[in-house]
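*Asks:* Sharing a structure below in structure tokens format, with a few things to ask.
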Amino acid sequence: MDVVESSPSSSPISSPAGSSDLIKAGTFICEFSGIILTHQQSEVVAANGDCLVRPSRFPPRWLDWGDISDVYPDYVAPDHPSIPELKFAIDVSRARNVACYFSHSCSPNVFVQFVLFDHYNVSYPHLMIFAMENIPPLRELSIDYGMVDEWIGQLTM
């Protein structure tokens with residue numbers, strides 16, 4: 005994974021990330037990480053102007069994964085279990101990984117899947133990122149942060 009600084013003053017959100025190798029559709033890319041905050045903690049941090057990622061805003065792109073109804077009209081999509089509203093935030097202003105450098109797009113090439121693997125608290129899933137499609141080498145990785153494009157410049161996501 006490569007992160008390219010677009011300018012010396014680039015914020016994590018404006019510096020693109022990509023790979024020098026082909027990433028195949030469905031490939032696990034990384035976990036979105038940072039400092040986990042409760043809803044109450046995130047309200048205080050947001051007031052300070054720190055950069056927050058709110059998992060509840062990620063659209064359920066995993067529902068689109070594997071949908072073959074366009075090529076197989078009789079396909080019946082599986083039922084997905086409901087998940088509670090996620091009321092936590094991830095502070096990426098002091099601790100972050102490469103996922104923080106994925107650009108926003110309403111037509112992304114990666115998506116967030118909520119995963120439980122070391123605990124069973126559905127209110128605090130891990131945010132795992134997977135490729136939605138085959139991504140050619142040197143293609144910028146983009147994710148749908150669940151916001152309209154004109155708000156991307158804001159610090160709180």
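Going left to right, the sequence shown walks through residues 5 to 161 as the numbering used here numbers them.
C-beta atoms are modelled at their ideal positions from N, C-alpha and C, and glycine is treated no differently.
Values in this document were obtained by computation on a predicted structure and should not be read as measured data.
#1: Quick check: the region 98–112 against the region 17–36, are at least 3 beta-carbon pairs closer than 8 Å?
#2: When we look at the beta-carbon of residue 148 and count the other beta-carbons within 10 Å, is it buried (16 or more) or exposed?
#3: Nearest-angstrom Cα distance between residue 125 and residue 141?
#4: Which two residues bound the contiguous beta strand (DSSP E) that contains residue 116?
#5: By alpha-carbon positions, which one of 29, 111, 92 ends up nearest to residue 162?
#6: Tell me whether residue 93 sits in a helix, a strand or coil according to DSSP, three-state version.
#7: Measure the C-alpha to C-alpha separation of residue 39 and residue 112 and round it to an integer number of angstroms.
#8: Among 65, 150, 81, 64, which residue has its Cα nearest to the Cα of residue 72?
#9: With respect to the alpha helix (DSSP H) encompassing residue 43, which residues constitute its N-terminal and C-terminal limits?
#10: Have a look at residue 132 and residue 78 and give me their C-alpha separation to the nearest angstrom.
#11: How should residue 41 be labelled, buried or exposed, when 16 other C-beta atoms within 10 angstroms of its C-beta is the threshold for buried?
*Replies:* The relevant details are as follows:
#1: yes
#2: buried
#3: 37 Å
#4: 114–119
#5: As shown, the chain starts at 5 and ends at 161. That puts residue 162 outside it, with no answer to give.
#6: strand
#7: 24 Å
#8: 81
#9: 43–51
#10: 30 Å
#11: buried
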